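Worksheet: the structure to be examined is printed underneath.
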């Protein structure tokens, strides 16, 4: 009697609250990926020099020096842009993969009681045949 | 079906409770572990069998296939079990909505919380108490934490079988039944339960606090496992956070990352008690510019606790938006100072370090021990604010400078130039309840390391003792230290459970202050305190009775622990035994304690208050921040945290000092000039005064009873403006000392002579004290306005002088007896003549 109660209670949870929770956990993960790859920060500081490595400019009279610093400052910015682009791409790919996985996971979750039953029966068959 | 069962079944949580009976949390964890290991070993088995299949000829192909099939079958089976166990785990996890950690997630249709359900599920015959005592996970834990022995729990449980109609809870008005609801019902309606707790010294407040603590512990363990919660994910590190910020080569040398401190990451340090200070810090730091703050507090961990709480908020991303993503770095002043040895280095490196911190753009610079930096700058004839000024006014700066209160008052507060850059946040000392909360969380960590269990009363006592018996330092730090020390002690004494008495024993062992058990010896002393004191103090019974009562109240544990051990105002003429009473008391009560400590301490602390009359008196007593001098009183009480403090001629000191004592007697502590707390709760204060001695003489010589004039004498003192009424009222008792009559003087003379005689005895010399000798001393030594004091002088000048003379001349030695005869040289003047036999 109790066993039936437990199974019914579980199934009610599995197809009710758990499905809702799965959605919210998924949202947590997606938010986490954005956060983990610092996506917002990367966009905000996209054109910033790499690790603030810039030198102050001298007056325009020292043209050679000025030009030299201009070039190095541009280079550090370019390095920054390249690095950020790479990380942004990786982050966005992860985000998309995770987003796509959600329906798949949901289907597996919904079918899980059946999958488990099948797995147990087939394993018992393999062991005892 | 019983009423409890019907109630239980109404909730959707019921199937989970039933499931727990088959698969307890422990079993589930074992199953998950076992299946996991089996699953992990399967690839190895498969690889092994492939090798055997290819290269081994000793197993035929058919057998090998069969083997692989079986292994595959087992693998699929354990995989399914593994998944099922995880599903169950998730099922359980989603029913913990937490009645303590995250409140109010339960819905009305659930009727009870999960922890309460665990108790109700164990109920038999509708007896809630039986369910409580049988539930291992909740009820029994609570009882153990209350310090109730397993035997007592069993007896109470057995008794429940005999209860015919147990009281039924009425939950109709309640929207949700929590553990606290059940326990309060038990305490109210089950007399046996209440009696058991009473016997163990547990009151309702302790019970409720213990329930909160145990439930918190159960829930925090479950909460720890829920890694998928957004607040848990938020704590994981992020990539690329420093790509847009500058590097800090030099700063790294002198600093450490605050976010890596274990206190920031450990669940045991939630420290909600520091909320107010953290919010003040956040408010200043969130500003666009000039976000510099001095965090001043008592020496010790208090200030860091606030910093850690802030770091925690930053890490959890619950801080104000301006601070999220910032990097709190602790600049270790001590490390910096030790690596710098000249002025140029100091100036250059400090400026560079600050410039790096500011240029980085995302740093909150926490300067540990800020006063030391100021002092080092001074040493090099520099002003710190001038060295770091450019950084203090920049837009990027966010600085938290930590300073001990003592130095904050003496070095920083008055420096207008420096203060113009900073705002101040001051930490407040924690209340006892808050310290208990912190300690009860730390205990959980300690318990894991030492395999010990602390009861709630033990933790309460630990927090109380830290405050009461260790006068120096911050209470929360002292309590933590005490906890750290007591654990190895408990292990070496083979304790499994540390209870209240164990804490008291340890404190007593460490401080030598009698705390818990009253020994037979001491019992004897306490019960006969009056007669012991009366042997030394003659004819002052009222004083002796009042003091003996106070001492007994204290040792029986019913004193007010927030006030000194006792405080008495002794009024009476000079030389009638006021000082002697104080001395006798110190010797009787504290001599054992002092002997245990090596016996080299003063038994009686003494201040002649007539020396504290001028304007500087207060500064001399509590120290002066401007001059950097320590106070006499604060030093005295720090060095001798317990004993008798005699305040001679109390009324002669000035008003400021009297107000200081008003506070000490009222609250048992004061703050010295540096803002440091000095505790005087183990001190017996005796203030003496011979104000209105004339009135006392007058009353006594008129043959009236002195005790009938108590109020009149006190009003006279108030009228004369010698002491304020509020101060007199603060004393535990005002005691009047009689002028001494002839008979008393005789007794005192005898006591004084016996003292001399005892000294002689050590040399093997006997001394006869006869009536004539006594009369000689009393007649020659009595002076109405000085009481018995002149007798002491007379004994010194006559008896002792004669004896000294004889001993030096070697006329008096071991085996001989000396007596004195009175000879009258002139009719007015008698003298003594020693006779040796």
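Residue numbers (the working numbering), protein chains in the order written: chain W, 1259 to 1387; chain H, 1141 to 1977. Heads up, the beta-carbon is just placed ideally off N, CA and C, and yes, glycines get one too. None of the values given here were measured: they were computed from a predicted structure.
Checklist line | Under 8 Å by beta carbon: chain H residues contacting residue 1283 (chain W) | finding: Residue mapping note: residue 1283 (chain W) aligns to position 25 of the first chain, counting from 1. By Cβ distance, chain H contributes 1368.
Check: Does the distance from the C-beta atom of residue 1286 (chain W) to that of residue 1370 (chain H) stay below 7 Å?
Finding: For the purposes of this step, residue 1286 (chain W) is taken as residue 28 along the first chain, with counting starting at 1. For the purposes of this step, residue 1370 (chain H) is taken as residue 230 along the second chain, with counting starting at 1. Closer than 7 Å, so yes.
Check: So, helix, strand or coil for residue 1821 (chain H), using DSSP?
Finding: As a working note, residue 1821 (chain H) is residue 681 in the second chain. Coil.
Item checked: Cβ of residue 1322 (chain W) within 7 Å of any chain H Cβ -> Taking the first chain and counting its residues from 1, the one referred to as residue 1322 (chain W) is at position 64. With 7 Å as the cut-off, residue 1322 (chain W) does not count as an interface residue toward chain H.
Notebook entry, point to check: Buried or exposed: residue 1372 (chain W), going by 16 or more other Cβ atoms within 10 Å of its Cβ?
Noted result: Against the first chain, residue 1372 (chain W) aligns to sequence position 114. Exposed, by the Cβ-count rule.
Note to self: Are the CB atoms of residue 1144 (chain H) and residue 1329 (chain H) within a distance shorter than 7 Å?
What the structure shows: Within the second chain, residue 1329 (chain H) is the residue found at index 189, counting from 1. Within the second chain, residue 1144 (chain H) is the residue found at index 4, counting from 1. Against a cut-off of 7 Å, the Cβ pair of residue 1144 (chain H) and residue 1329 (chain H) comes out as no contact.
Next item on the list: For residue 1403 (chain H), decide whether its Cβ has a neighbour in chain W, counting only Cβ atoms nearer than 7 Å.
Entry: If you number the second chain from 1, residue 1403 (chain H) lands on position 263. Residue 1403 (chain H) does not count as touching chain W.
Notebook entry, point to check: What does a CB cutoff of less than 6 Å around residue 1964 (chain H) pick up in its chain, not counting 5 residues either side in sequence?
Noted result: Within the second chain, numbered from 1, the residue matching residue 1964 (chain H) stands at position 824. 1970, listed in sequence order.
Note to self: Between the stretch 1359-1373 of chain W and the stretch 1322-1341 of chain W, can you find at least three pairs of beta-carbon atoms closer than 8 Å?
What the structure shows: no
Check: For residue 1817 (chain H) and chain W, any beta-carbon pair shorter than 7 Å?
Finding: As a working note, residue 1817 (chain H) is residue 677 in the second chain. Chain W, which has no Cβ nearer than 7 Å to the Cβ of residue 1817 (chain H), makes this no.
Next item on the list: Report yes if the C-beta of residue 1817 (chain H) is less than 6 Å from at least one heavy atom of the ligand FAD; otherwise report no.
Entry: Among the components of this structure there are no ligands whatsoever, and the ligand FAD is therefore not found.
Next item on the list: Kindly provide the ranges of any alpha helix (DSSP H) runs that are 4 or more residues long and lie completely inside the stretch 1566-1650 of chain H, ordered along the chain.
Entry: 1572-1590, 1596-1609, 1615-1632
Next item on the list: Inspect the beta-carbon positions of residue 1580 (chain H) and residue 1599 (chain H) and report whether they are closer than 7 Å.
Entry: Along the second chain, one-based indexing puts residue 1580 (chain H) at 440. Along the second chain, one-based indexing puts residue 1599 (chain H) at 459. Yes, these two residues count as a Cβ contact at 7 Å.
Margin query: Against residue 1175 (chain H), what residues of chain W qualify as contacts under a CB-to-CB distance less than 7 Å, listed in chain order?
Written below: Translated into the one-based positions of the second chain, residue 1175 (chain H) becomes position 35. Those within 7 Å of residue 1175 (chain H) in chain W number zero; the least Cβ separation is about 12 Å.
Notebook entry, point to check: What span of residues does the beta strand (DSSP E) with residue 1274 (chain H) cover, start to end?
Noted result: Numbered from its first residue, the second chain carries residue 1274 (chain H) at position 134. Premise fails: residue 1274 (chain H) lies in the alpha helix (DSSP H), 1268-1274, not in any beta strand (DSSP E).
Item checked: For residue 1547 (chain H) and residue 1806 (chain H), the rounded distance between their alpha carbons -> Reading the second chain from its first residue, position 666 is the one you call residue 1806 (chain H). Reading the second chain from its first residue, position 407 is the one you call residue 1547 (chain H). Straight-line Cα distance between these residues: approximately 28 Å.
Item checked: Enclosing alpha helix (DSSP H) for residue 1446 (chain H) [first to last residue] -> Counting from one through the second chain, the residue named residue 1446 (chain H) turns up at place 306. Where residue 1446 (chain H) is concerned, the enclosing alpha helix (DSSP H) stretches over 1442-1455.
Note to self: Starting from residue 1963 (chain H), trace the alpha helix (DSSP H) in both directions and tell me its first and last residue.
What the structure shows: Translated into the one-based positions of the second chain, residue 1963 (chain H) becomes position 823. Note, residue 1963 (chain H): premise wrong, no alpha helix (DSSP H); beta strand (DSSP E) at 1957-1964.
Item checked: Bridge-paired residues (DSSP) for residue 1973 (chain H) -> Against the second chain, residue 1973 (chain H) aligns to sequence position 833. Per DSSP, H:1961.
Check: With a Cβ-Cβ cutoff of 7 Å, do residue 1605 (chain H) and residue 1647 (chain H) count as a contact?
Finding: If you number the second chain from 1, residue 1605 (chain H) lands on position 465. If you number the second chain from 1, residue 1647 (chain H) lands on position 507. Yes, these two residues count as a Cβ contact at 7 Å.
Check: For residue 1921 (chain H) versus residue 1907 (chain H), is the C-beta spacing smaller than 7 Å?
Finding: Stepping through the second chain from its first residue, residue 1921 (chain H) is reached at position 781. Stepping through the second chain from its first residue, residue 1907 (chain H) is reached at position 767. Not in contact: residue 1921 (chain H) and residue 1907 (chain H) (Cβ atoms no closer than 7 Å).
Item checked: Rounded distance between the beta-carbons of residue 1485 (chain H) and residue 1448 (chain H), thought under 8 Å -> Taking the first residue of the second chain as position 1, residue 1448 (chain H) is located at position 308. Taking the first residue of the second chain as position 1, residue 1485 (chain H) is located at position 345. Actually they do not touch by this definition, with Cβ atoms about 31 Å apart.
Check: What are the partner residues of residue 1397 (chain H), as DSSP defines its beta bridges?
Finding: Start at 1 with the first residue of the second chain, and residue 1397 (chain H) comes out as number 257. DSSP, once it has assigned bridges, lists H:1469 as partnering residue 1397 (chain H).
Check: Between which two residues does the alpha helix (DSSP H) carrying residue 1499 (chain H) extend?
Finding: Here residue 1499 (chain H) refers to the residue found at position 359 when the second chain is read from its first residue. Counting along the chain, the alpha helix (DSSP H) containing residue 1499 (chain H) begins and ends at 1483-1500.
Checklist line | beta strand (DSSP E) runs wholly inside the stretch 1537-1561 of chain H, at least 3 long, in chain order | finding: 1538-1544
Checklist line | Exposure of residue 1950 (chain H), with buried meaning 16 or more beta-carbon neighbours within 10 Å | finding: Taking the first residue of the second chain as position 1, residue 1950 (chain H) is located at position 810. So residue 1950 (chain H) ends up on the exposed side.
Check: Rounded to a whole number of angstroms, what is the C-alpha to C-alpha distance between residue 1379 (chain W) and residue 1577 (chain H)?
Finding: Start at 1 with the first residue of the first chain, and residue 1379 (chain W) comes out as number 121. Start at 1 with the first residue of the second chain, and residue 1577 (chain H) comes out as number 437. Each residue's alpha carbon lies about 53 Å from the other.
Check: Under a three-way DSSP split, which group does residue 1689 (chain H) fall into?
Finding: As a first step, residue 1689 (chain H) must be located in the second chain, where it is residue number 549. Residue 1689 (chain H): helix per DSSP, three-state reduction.
Check: Straight-line CA distance for residue 1799 (chain H) to residue 1864 (chain H)?
Finding: The count along the second chain starts at 1 and reaches residue 1799 (chain H) at position 659. The count along the second chain starts at 1 and reaches residue 1864 (chain H) at position 724. Computed Cα separation, rounded: 9 Å.
Margin query: The alpha helix (DSSP H) that contains residue 1281 (chain W), what's its start and end?
Written below: Residue 1281 (chain W) sits at position 23 when you count from the first residue of the first chain. Note, residue 1281 (chain W): alpha helix (DSSP H), 1275-1294.
Next item on the list: Return the first residue and the last residue of the alpha helix (DSSP H) that residue 1328 (chain H) is part of.
Entry: Taking the first residue of the second chain as 1, we reach residue 1328 (chain H) at position 188. It spans 1319-1329 - the alpha helix (DSSP H) in which residue 1328 (chain H) sits, taken as one unbroken run.
Next item on the list: Quick one: list the residues of chain H neighbouring residue 1303 (chain W), beta-carbon separation under 8 Å, in chain order.
Entry: One-based indexing of the first chain puts residue 1303 (chain W) at position 45. Here the neighbours are 1383, 1384.
Next item on the list: Pull up the CB-CB distance for residue 1545 (chain H) and residue 1619 (chain H), whole angstroms please, since I reckon it's below 8 Å.
Entry: Start at 1 with the first residue of the second chain, and residue 1545 (chain H) comes out as number 405. Start at 1 with the first residue of the second chain, and residue 1619 (chain H) comes out as number 479. So it is not a contact: roughly 19 Å between Cβ atoms.
Notebook entry, point to check: Hey, how far is the Cα of residue 1836 (chain H) from the Cα of residue 1962 (chain H)?
Noted result: In the second chain, counting from the first residue as 1, residue 1836 (chain H) sits at position 696. In the second chain, counting from the first residue as 1, residue 1962 (chain H) sits at position 822. The straight-line gap from Cα to Cα measures roughly 34 Å.
Notebook entry, point to check: How about residue 1231 (chain H): is its C-beta nearer than 7 Å to some C-beta of chain W?
Noted result: As a position in the second chain, residue 1231 (chain H) is number 91, starting the count at 1. For residue 1231 (chain H), the answer is yes, since a Cβ of chain W falls inside 7 Å of its Cβ.
Check: Helix, strand or coil: how does DSSP classify residue 1898 (chain H) here?
Finding: Working through the second chain from its first residue, we reach residue 1898 (chain H) at position 758. In the structure shown, residue 1898 (chain H) sits in a helix (DSSP, three-state: H, G or I).
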